[in-house]
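2 protein chains.
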Amino acid sequence: MNSTYFNRRTIRKYESRDIDENLLDRLLTAGTRTSTTGNMQVYSIIVTRDREMKRMLAPAHFNQPMVMEAPVVLTFCADFNRFNKWCRQRQADPGYDNFLSFMTAAIDALLAAQTICNAAEEEGLGICYLGTATYNADKIIEVLDLPKGVVPVATVTLGWPAVIPDQPDRLPLEAVVHYERYRDFTPGMIDDLYREKEARSDSQQFISENNKTTLAQVFTDVRYKKGDNEYFSAKYLEVIRNQGFLSH
Amino acid sequence: MNSTYFNRRTIRKYESRDIDENLLDRLLTAGTRTSTTGNMQVYSIIVTRDREMKRMLAPAHFNQPMVMEAPVVLTFCADFNRFNKWCRQRQADPGYDNFLSFMTAAIDALLAAQTICNAAEEEGLGICYLGTATYNADKIIEVLDLPKGVVPVATVTLGWPAVIPDQPDRLPLEAVVHYERYRDFTPGMIDDLYREKEARSDSQQFISENNKTTLAQVFTDVRYKKGDNEYFSAKYLEVIRNQGFLSH
Numbered sequence: 087m088n089s090t091y092f093n094r095r096t097i098r099k100y101e102s103r104d105i106d107e108n109l110l111d112r113l114l115t116a117g118t119r120t121s122t123t124g125n126m127q128v129y130s131i132i133v134t135r136d137r138e139m140k141r142m143l144a145p146a147h148f149n150q151p152m153v154m155e156a157p158v159v160l161t162f163c164a165d166f167n168r169f170n171k172w173c174r175q176r177q178a179d180p181g182y183d184n185f186l187s188f189m190t191a192a193i194d195a196l197l198a199a200q201t202i203c204n205a206a207e208e209e210g211l212g213i214c215y216l217g218t219a220t221y222n223a224d225k226i227i228e229v230l231d232l233p234k235g236v237v238p239v240a241t242v243t244l245g246w247p248a249v250i251p252d253q254p255d256r257l258p259l260e261a262v263v264h265y266e267r268y269r270d271f272t273p274g275m276i277d278d279l280y281r282e283k284e285a286r287s288d289s290q291q292f293i294s295e296n297n298k299t300t301l302a303q304v305f306t307d308v309r310y311k312k313g314d315n316e317y318f319s320a321k322y323l324e325v326i327r328n329q330g331f332l333s334h
Numbered sequence: 087m088n089s090t091y092f093n094r095r096t097i098r099k100y101e102s103r104d105i106d107e108n109l110l111d112r113l114l115t116a117g118t119r120t121s122t123t124g125n126m127q128v129y130s131i132i133v134t135r136d137r138e139m140k141r142m143l144a145p146a147h148f149n150q151p152m153v154m155e156a157p158v159v160l161t162f163c164a165d166f167n168r169f170n171k172w173c174r175q176r177q178a179d180p181g182y183d184n185f186l187s188f189m190t191a192a193i194d195a196l197l198a199a200q201t202i203c204n205a206a207e208e209e210g211l212g213i214c215y216l217g218t219a220t221y222n223a224d225k226i227i228e229v230l231d232l233p234k235g236v237v238p239v240a241t242v243t244l245g246w247p248a249v250i251p252d253q254p255d256r257l258p259l260e261a262v263v264h265y266e267r268y269r270d271f272t273p274g275m276i277d278d279l280y281r282e283k284e285a286r287s288d289s290q291q292f293i294s295e296n297n298k299t300t301l302a303q304v305f306t307d308v309r310y311k312k313g314d315n316e317y318f319s320a321k322y323l324e325v326i327r328n329q330g331f332l333s334h
């Protein structure tokens, strides 16, 4: 298989040159060939190239510079709006105002997103997922005019790499893969799986820069804090409800 | 980019030959190179190859024959269990028992799943997503011994194609892609976007076989019914709660 799968890194610095219309179209078309529940295609992709639209989107992504610097920003949404409209226009009563349907649509959106990322990387483009799509879905809905039935689940910035960073570490395969049954982790296994990551010089730097004593504390106390997670959880659930997916 | 992106179809009939261990390892490794929030890798993949395990999993997938016939079944899970254990072992207080963290972990799992599917298809393998992973997550948890912090989000069957079906239709690109702002659909646009799909002979056959008057009714009244969706919504939310993701 293509070596890109193994050599990839997330790209956060892009050249100023644009992505050719035709290439973008092929990427989007590849995305639409991805598996979709019952061939319903209950997702949508909002393409942002306009500078003023990027400026309006940027705060929702905490002004991460990739939003302004990437030639293309893609917002992937769980979307039952089109499908519901079709049903109503065809004497069919849609029953998709519930959490399962949100998940179905979110899965459709995320699988299409990842196909587009894989295909883009194969073409030499660089991508970066912005987790802020779920944090500030309400603002994104406002800026992109998303109607009821549509919820952002992922944002990807896309462009030609200007800086290719070192490839990040990953845990050993056995941290992620289980055979036949989940083999839960003993303290000794956790130590083994995280030993190499914890020993890295960049991990040590994270710890000292943040005045922490362990790498895990950098995650819990600085990067992904309980209070923030709870705040954004409530906000995202509210968005899902407002967009019509928690009526039952 | 690779033509597989454009020519792919979901494969439901597999040859009996197995998938080489080495190839499966490369696919899983490719999967772990996929983007993951903050490099936390908060997902897991359960590999099922054992016949008896497949037999136990099958009812959770409504006994769809792919589960028994595919040499490999992959269950992709949102997984904060390993990460939480690491935090607790390193004097860090994890705050991931909330809905946002579930979504973060589900996104990690789904992106890895799709990379594996794309890489597998490039190698000539065929894949099929089973939506039943969210329907019957409770049964899957039981069979695979999934601990708290772990929730199935997708199941993929994987094998060498025995029958390659016709490529399914997709809606025109403009049904899915919006530029700059969401352009909501007028009744005329809905008619245009669905015209070709509705005119297909297989669509006509679906309608008559199910004694319906429109294709949309086949979805709402037969395939993805309101009552079922609501039943499985409540069940999946309960699973997410039981696995510790709705404590806040």
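Going down the list, the protein sequences come from chains Z and G.
Its first residue numbered 87, the first sequence is counted upward by one per residue in this note's numbering.
Its first residue numbered 87, the second sequence is counted upward by one per residue in this note's numbering.
Just so you know, even glycine gets a beta-carbon here, dropped at the ideal spot from N, CA and C.
Check                                                                                                                        : Outcome
Close beta carbons around R135 of chain G, own chain, < 7 Å, minus the five adjacent residues each side                      : P157 and V158
For V239 of chain G, the three-state DSSP class (helix, strand or coil)                                                      : strand
Exposure label - D183 of chain Z; buried when at least 16 CB within 10 Å                                                     : buried
Local conformation of G210 of chain Z per DSSP, three classes                                                                : coil
Buried or exposed (CB count within 10 angstroms, at least 16 for buried), F148 of chain Z                                    : exposed
Straight-line Cα distance separating K298 of chain Z from T306 of chain Z                                                    : 11 Å
Straight-line Cα distance separating L244 of chain Z from D104 of chain Z                                                    : 10 Å
Nonlocal neighbours in the same chain, by C-beta distance under 6 Å from P247 of chain G, ignoring five residues either side : I97 and G212
Status (buried if at least 16 other CB within 10 Å, exposed otherwise) for T122 of chain Z                                   : buried
Alpha-carbon spacing of Y280 of chain G relative to N125 of chain G, whole angstroms                                         : 41 Å
4 or more residues per run - each alpha helix (DSSP H) lying fully within the region 249 to 313 of chain Z                   : 273 to 285, 287 to 295 and 301 to 304
Close Cβ partners of L110 of chain G (< 6 Å) along its chain, the five nearest in sequence each way excluded                 : none
C-alpha gap between T161 of chain Z and E138 of chain G, whole angstroms                                                     : 42 Å
With 16 other Cβ atoms within 10 Å as the buried cut-off, status of E324 of chain G                                          : exposed
D183 of chain G (DSSP reduced to helix, strand or coil)                                                                      : coil
C-alpha distance - D270 of chain Z paired with A198 of chain Z, whole-angstrom precision                                     : 31 Å
Same chain only: Cβ atoms within 7 Å of T201 of chain Z, ignoring 5 sequence neighbours per side                             : A116, G117 and T120
Whole-number beta carbon distance between Y268 of chain G and L232 of chain Z, since they are thought to touch under 8 Å     : 5 Å
Member of G:F92, G:S102, G:D277 and G:N108 whose CA lies at the smallest distance from the CA of L114 of chain Z             : G:F92
Under 9 Å between C-beta atoms of D165 of chain G and V128 of chain G                                                        : yes
Proximity of N328 of chain G and K234 of chain G at Cβ, strictly below 9 Å                                                   : yes
Residues from the region 171 to 182 of chain Z in contact with chain G, defined by Cβ distance under 8 Å                     : K171, W172, C173, Q175, R176, Q177, A178, D179, P180, G181 and Y182
Contact set between G217 of chain G and chain Z, taken where Cβ atoms lie within less than 9 Å                               : T123, G124, T190 and I193
Chain G contacts made by the region 124 to 149 of chain Z, where a contact means CB separation under 8 Å                     : G124, N125, M126, Q127, Y129, S130, I131, I132, V133, T134, R135, D136 and M139
Backbone CA spacing between I193 of chain G and F292 of chain G [nearest angstrom]                                           : 33 Å
Proximity test, Cβ basis, 9 Å: V249 of chain G and chain Z                                                                   : no
CB-CB length for K283 of chain G against D252 of chain G, believed under 8 Å                                                 : In fact, because the Cβ distance is near 14 Å, the residues do not count as touching under 8 Å.
DSSP-derived helix/strand/coil call for S130 of chain G                                                                      : strand
Exposure label - V262 of chain G; buried when at least 16 CB within 10 Å                                                     : buried
Check: R95 of chain Z C-beta below 8 Å from any heavy atom of the ligand PLP                                                 : What this structure holds is no ligand at all, so the ligand PLP is not there to describe.
Sheet register partners of V158 of chain G (DSSP bridge)                                                                     : G:L244
Local Cβ density within 10 Å of V308 of chain G, reported as buried at 16 or more and exposed below that                     : exposed
Endpoints, alpha helix (DSSP H) assigned at R141 of chain Z                                                                  : R137 to L143
9 Å Cβ cutoff, M87 of chain Z in contact with chain G                                                                        : yes
Minimum Cβ-Cβ distance from Y310 of chain G to chain Z less than 9 Å                                                         : yes
Helix, strand or coil at D106 of chain Z [DSSP, three-state]                                                                 : coil
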